[in-house]
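Asks: Got a structure for you, written out below as structure tokens; questions coming shortly.
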Amino acid sequence: MKLELRNITKRFGSLVANDSISLTVEPGEIHCLLGENGAGKSTLMNVLYGLYQADEGEIVLDGEVQRFSGPGDAMAAGIGMVHQHFMLIPVFTVAENVMLGNEQTGFAGRLDLDASRARVREIADRFGFHVDPDRLVEDLPVGVQQRVEIIKALSRDAEVLVFDEPTAVLTPSETDELMEIMRQLRSAGKAIVFITHKLREVREVADRITVIRLGKVVGEASPSASNAELASMMVGRPVELTVRKDAPKLGKEALVVRDLTVIDDTGHVHVDGLSFEIRAGEVLCVAGVQGNGQTELTEALLGLQGRVRGSITLDGKELVGRTVRQILDAGVGFIPEDRQVDGLVAGMSVAENLMLDRSHGSPFTRRGSLQLKARDEFARRMVHEYDVRTPGIETLVGKLSGGNQQKVVVARELSRDLRLLVAAQPTRGVDVGSIEFIHKQVVATRDSGLPVLVVSTELDEVVALADRIMVLYRGRVVGIVPADTPRDVLGLMMTGETPEGAVA
Amino acid sequence: MTGAPPEIPGETSEAKSGTTAPGDPPSWRLTLREIVAGNVLTAVLALVLAVIVGSLLVAVTDDEVREASKYFFSRPGDTVDAAFDAIWGAYTALFQGSVYNNRVDDPATAIRPLTETLKFAGPLILAGLGVGLAFRAGLFNIGGRGQMLLGGAAAGWIGVKADLPAGIHLVVALLVAMLFGGLWGALAGFLKARTGAHEVIVTIMLNYVGFYLVFYALSQESILQAPNSANPKSLPIQDSATLPRLLGDRYTLHLGFLLALVAVAVVWWILNRSAFGFRIRAAGENPEAARTAGIDVGRTYTVVMLVAGALVGLAGANQVLGTVTSGVTVDLDAGIGFDAITVALLGRSRPLGILAAGLLFGAFKAGGFAMQASQGIPIDLVLVVQSLIVLFIAAPPLVRAVFRLPAKEAA
């Protein structure tokens with residue numbers, strides 16, 4: 002089925018989210034929609050899916066103009082959507098989720114689960130998905146849950162499939178599998194719209210690329226375009242994708258971790274006898290597939306984990322057994338992996354979030370009383386220095402875009418008197434322009450002579466920032482290797498294997 | 003300053019790509035957040051809706067309206083007139099009973115209803131502040147009744163038993179009330195901080211424990227019970243411990259109302275200008291981020307419940323030492339411990355909002371009696387209106403739908 006969007010315009014009040022966007026997707030084609038967060042990609046897809054009504058323009062399928070008043074109409078017309086946040090019910094089985102909203106019933110409303118099971122098996126076999134229709138969705142890994150979403154769309158005979166930022170929640174290997182699935186769907190003649198802001202993925206699978214910026218189509222690009230070309234189209238100015246940094250000026254060993262073990266309340270061991278050290282002026286990147294103990298390691302460094310054994314010393318001072326407050330005061334800066342949960346209070350202002358971990362003592366409090374003037378001056382300075390795009394310092398931080406939120410966190414942490422920086426997923430969900438900025442800040446911190454620990458599941462980021470790379474697998478160190486280690490070796494190490502001669 | 007690119011609706015979810023299911027706050031913390039974050043308009047509209055529904059109830063339950071409705075189809079005007087009279091009469095009576103009684107000539111008598119309103123408002127404001135402060139820390143303090151009983155009984159105990167000079171006696175009684183109410187609240191906060199016990203369950207249960215503790219104290223002559231009495235009641239409060247009347251003996255308004263005003267100012271300062279208030283708000287909005295920022299969330303819970311309980315305890319003292327000085331009974335809380343939840347909700351947990359909501363509910367209390375006396379409208383109807391306000395406030399989407407307000411943008 003051929004999909005055409007003709008001059009779609011969607012306004013929210015005075016804001017034009019989509020400004021006369023036209024797009025054509027042929028059957029058997031993967032069409033990438035590339036743009037930064039807030040460029041209008043998701044709005045466009047929500048118009049396509051019937052969640053929003055376009056103010057102008059039309060949706061055409063195989064030459065027929067469509068009128069969707071809701072997702073039901075869009076689905077009936079053959080459009081399927083795989084959302085970034087899965088629309089699945091965790092306590093239902095795969096078969097139950099697939100039939101949800103399209104239930105086939107027998108006598109007295111009895112659900113015909115057998116039919117749904119058969120349908121799941123049939124689709125899974127056709128595309129080589131390994132999905133058991135009787136498993137509960139909540140027991141499945143994220144990558145498989147996504148496949149259930151795809152099956153759900155296919156079970157309604159979708160001919161146009163929309164993937165909205167599908168790789169945001171996937172591990173590198175799951176991403177590869179998804180790419181393979183998309184190629185199979187393409188060979189089966191489906192028209193595929195792939196929304197993303199990750200350049201590597203675009204170049205890998207796209208047949209055609211449309212770049213959107215600030216609600217407008219800025220042009221088409223060919224899949225053979227370089228990352229730098231794509232990025233500058235997206236951002237609207239030349240972007241430096243590689244992080245420029247000099248050779249590290251190494252100092253003495255600053256952070257020393259010995260036999261660190263972290264156990265959770267259920268007795269599960271997340272970090273298992275970890276030992277490493279970071280020297281002053283050095284970036285150590287922790288690589289690994291999500292969920293191999295990185296979160297627990299960073300939380301243990303900050304004193305957020307309850308059951309910790311072993312030793313963490315910073316400049317000779319022991320950190321294990323201290324409170325978060327004491328560790329922050331010892332000069333540990335922390336950029337948490339999930340800023341929405343651990344980094345920011347969405348309902349508080351930019352200024353308040355900038356002093357979140359300094360609500361004691363000077364300069365922001367005196368004798369228990371907030372020093373509003375000092376706070377606001379500081380906030381204005383940080384907003385300027387770190388280029389936080391916000392209407393003002395009183396704006397609630399939850400209203401800012403992901404990149405600007407992250408800049409608030411970075412500004413807060415780097416403005417303290419630090420002796421160590423721990424940055425977990427510092428650029429997750431952040432636009433290209435902000436990534437560039439944050440990477441520069443990390444390098445600048447290292448060049449000022451501090452030890453830096455960066456945790457990232459994005460291999461690009463690890464390779465770009467690291468002076469040395471530590472690969473974790475199931476809470477253990479697979480190896481600590483130099484930054485120029487080939488990607489395929491790193492990829493292998495992330496699965497727990499130690500290639501010959503790779504460990505430095 | 004650079005111009006910010008506006009956030010485009012529908013794309014905000016992208017910013018949350020790092021959010022994972024285990025970190026999602028329980029849905030009812032979201033409910034609480036929505037209530038606290040609700041805007042003034044929603045609160046006012048909830049009030050308007052409640053008054054409209056209340057009017058319908060007045061009309062429907064009025065005898066004359068029902069009489070006229072029997073021949074509605076021949077003379078519909080009679081029914082409408084009767085309904086209008088009933089509603090007009092009800093709200094006139096409410097006004098005359100709570101603000102200014104224009105049926106008497108003597109202005110000094112005519113303003114008495116207003117002083118009654120203020121008197122009733124005092125403890126509602128104090129207890130409302132206690133509940134609202136806990137709301138801001140993300141805690142549902144349903145233990146107003148227990149904290150009030152403990153505080154009131156403790157104040158009564160000092161007021162009846164202690165022999166202290168005038169002035170000092172009153173101050174000591176008030177401080178002891180705050181101490182007891184505060185400890186009763188802090189117990190719930192401490193249990194939550196240490197064991198994770200849910201504060202709703204703990205405070206509700208502590209209401210019962212508090213009630214029977216006070217009941218026990220009132221049935222022991224060695225503690226509180228009046229000598230040679232079979233009733234669970236203490237002796238009257240000594241004059242040296244009573245809250246002095248503010249406007250002479252013609253009016254029953256006492257110092258308690260001024261205490262409430264002072265408390266409004268203090269709580270406002272705590273929330274908006276103190277480091278402690280900053281930590282309360284951070285812990286209430288996002289405990290995970292607060293913990294990561296080095297804030298001791300458990301300690302914040304305990305201390306905030308101590309302060310909240312102290313405020314509610316002060317409301318208890320207000321009753322025992324000011325409004326009903328004839329002696330401590332187990333009814334001393336007069337339902338204020340629960341009404342305080344309504345006041346805090348209507349006031350959106352902001353000190354000034356709670357002040358306004360407390361005054362309104364004080365007026366309901368004072369005027370409700372007048373409505374019953376002059377119009378024969380059951381006082382229950384006032385309670386129905388109060389309950390409807392809570393119902394509408396707790397369901398902002400309902401209010402928005404009724405008034406066709408735009409849905410709140412996804413933040």
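Sequences listed follow chains A and B, in order. According to this note's numbering, the first sequence holds residues 2 to 505 in order. According to this note's numbering, the second sequence holds residues 3 to 413 in order. Just so you know, even glycine gets a beta-carbon here, dropped at the ideal spot from N, CA and C.
Just to confirm the assignment, what range does the alpha helix (DSSP H) spanning I124 (chain A) have?
Replies: Taken as a continuous stretch (DSSP letters only), the alpha helix (DSSP H) holding I124 (chain A) covers L114 to F128.
Asks: Any chance the region 348-358 of chain B sits against the region 44-54 of chain B, with 3 or more Cβ pairs inside 8 Å?
Replies: Enough Cβ pairs lie closer than 8 Å, so yes.
Asks: Run down chain A in chain order and give the residues with a C-beta less than 9 Å from the C-beta of T302 (chain B).
Replies: Those within 9 Å of T302 (chain B) in chain A number zero; the least Cβ separation is about 10 Å.
Asks: Would you identify the three-state DSSP class for P91 (chain A), choosing helix, strand or coil?
Replies: DSSP places P91 (chain A) in coil when its eight states are reduced to three.
Asks: Using the Cα positions of V178 (chain B) and G153 (chain B), report the straight-line distance between them to the nearest angstrom.
Replies: Computed Cα separation, rounded: 7 Å.
Asks: Would T294 (chain B) pass as a contact of D74 (chain A) if the rule is Cβ separation under 7 Å?
Replies: No, the Cβ-Cβ distance between T294 (chain B) and D74 (chain A) is not below 7 Å.
Asks: Count the other C-beta atoms from every protein chain shown that fall within 10 angstroms of the C-beta of G158 (chain B), then say buried if there are 16 or more, exposed otherwise.
Replies: Per the 10 Å Cβ criterion, buried.
Asks: Apart from the five residues just before and just after V202 (chain B), which ones in its own chain have a Cβ nearer than 8 Å to its Cβ?
Replies: Hits under 8 Å: F142 and I144.
Asks: Measure the alpha-carbon distance for R204 (chain A) versus L4 (chain A) and round it to whole angstroms.
Replies: Each residue's Cα considered, the two are about 22 Å apart.
Asks: From the DSSP output, read off the bridge partner residues of V384 (chain A).
Replies: DSSP, once it has assigned bridges, lists no residue as partnering V384 (chain A).
Asks: Please state the DSSP three-state secondary structure of G320 (chain B).
Replies: For clarity, residue 320 (chain B) is Asn in the given sequence; the question names Gly instead. Reduced to three states, the DSSP call for N320 (chain B) is helix.
Asks: If we ignore side chains and look at the alpha-carbon of each, how far apart do I356 (chain B) and L263 (chain B) end up?
Replies: Their backbone Cα atoms lie some 11 Å apart in a straight line.
Asks: In whole angstroms, what is the alpha-carbon distance linking P167 (chain A) and H271 (chain A)?
Replies: The straight-line gap from Cα to Cα measures roughly 27 Å.
Asks: For S276 (chain B), decide whether its Cβ has a neighbour in chain A, counting only Cβ atoms nearer than 7 Å.
Replies: Answer yes: the Cβ-Cβ gap between S276 (chain B) and chain A drops below 7 Å somewhere.
Asks: Counting only the same chain and skipping the five closest in sequence on each side, list residues whose C-beta sits under 6 Å from that of S328 (chain B).
Replies: Once the five neighbours on either side are set aside, the close Cβ partners of S328 (chain B) are P238.
Asks: Per the DSSP calculation, R209 (chain A) is bridged to which residue(s)?
Replies: In DSSP, R209 (chain A) forms a bridge with A:H32.
Asks: At 8 Å on the CB atoms, spell out the chain B contacts of M349 (chain A), in chain order.
Replies: Near M349 (chain A) (Cβ distances below 8 Å), the residues of chain B are R283, A284 and E287.
Asks: Looking only at C-alpha atoms, which of B:L245, B:F122, B:L120 and B:F182 sits nearest to I170 (chain B)?
Replies: Of the listed residues, the one whose Cα sits closest to I170 (chain B) is B:L245.
Asks: Threshold first: 3 residues or longer. Then list the beta strand (DSSP E) segments lying entirely within the region 221-306 of chain A, N to C.
Replies: DSSP runs (the beta strand (DSSP E)) wholly in the region 221-306 of chain A: 254-264, 270-280 and 284-288.
Asks: Nearest chain B C-beta to L275 (chain A) closer than 7 Å, yes or no?
Replies: For L275 (chain A), the answer is no, since every Cβ of chain B falls outside 7 Å of its Cβ.
Asks: Nearest chain A C-beta to G296 (chain B) closer than 7 Å, yes or no?
Replies: Yes, G296 (chain B) counts as interfacial toward chain A.
Asks: Within 7 Å (strictly less), CB to CB, does D358 (chain A) reach chain B?
Replies: By this cut-off, D358 (chain A) is an interface position.
Asks: Restricting to Cα atoms, I'd like to know which of B:R402, B:A397, B:I395 and B:G378 is closest to T63 (chain B).
Replies: Minimum Cα distance to T63 (chain B) is reached at B:G378.
Asks: What three-state label does DSSP hand R469 (chain A) in the structure shown?
Replies: Strand.
Asks: Is there a Cβ of chain B sitting closer than 7 Å to that of V95 (chain A), yes or no?
Replies: Judged by the 7 Å Cβ criterion, V95 (chain A) is not in contact with chain B.
Asks: What's the gap between the Cα of V17 (chain A) and the Cα of F335 (chain A)?
Replies: When rounded, the distance between both Cα atoms is 37 Å.
Asks: Please list, in chain order, all residues of the same chain as V386 (chain B) whose beta carbon is under 7 Å from its beta carbon, the five residues on each side excluded.
Replies: Taken in chain order, the residues that qualify are G56 and L59.
Asks: DSSP three-state label for A75 (chain A), please.
Replies: Here A75 (chain A) sits in helix by DSSP.
Asks: Quick one: is P234 (chain B) buried, meaning 16 or more other Cβ sit within 10 Å of its Cβ, or exposed?
Replies: Buried, because 16 or more other Cβ atoms sit within 10 Å of the Cβ of P234 (chain B).
Asks: At a Cβ cut of 7 Å, what residues of the region 310-334 of chain A count as close to chain B, listed as they run along the chain?
Replies: Flagged, chain order: V325, R326 and L329.
Asks: Since P483 (chain A) is in the beta strand (DSSP E), which residue starts that stretch and which ends it?
Replies: Start and end: R477 to P483.
Asks: At least one CB of chain A closer than 7 Å to the CB of F192 (chain B): is that the case?
Replies: So, not an interface residue.
Asks: Please classify N354 (chain A) as buried or exposed, where buried requires at least 16 other C-beta atoms within 10 Å of its C-beta.
Replies: By the neighbour-count rule (16 or more Cβ atoms within 10 Å), N354 (chain A) is buried.
Asks: Quick check on E290 (chain B) - is its C-beta less than 7 Å from some C-beta in chain A?
Replies: Cβ-Cβ to chain A under 7 Å: yes for E290 (chain B).
Asks: If you draw a straight line from the alpha carbon of D63 (chain A) to that of F405 (chain B), how long is it in whole angstroms?
Replies: Each residue's alpha carbon lies about 42 Å from the other.
Asks: Using a Cβ-Cβ cut-off of 7 Å (strictly less than) and excluding sequence neighbours within five positions of P452 (chain A), which residues of its own chain qualify?
Replies: Result list for P452 (chain A): A255, L256, I279, R280, A281, E283 and L421, in chain order.
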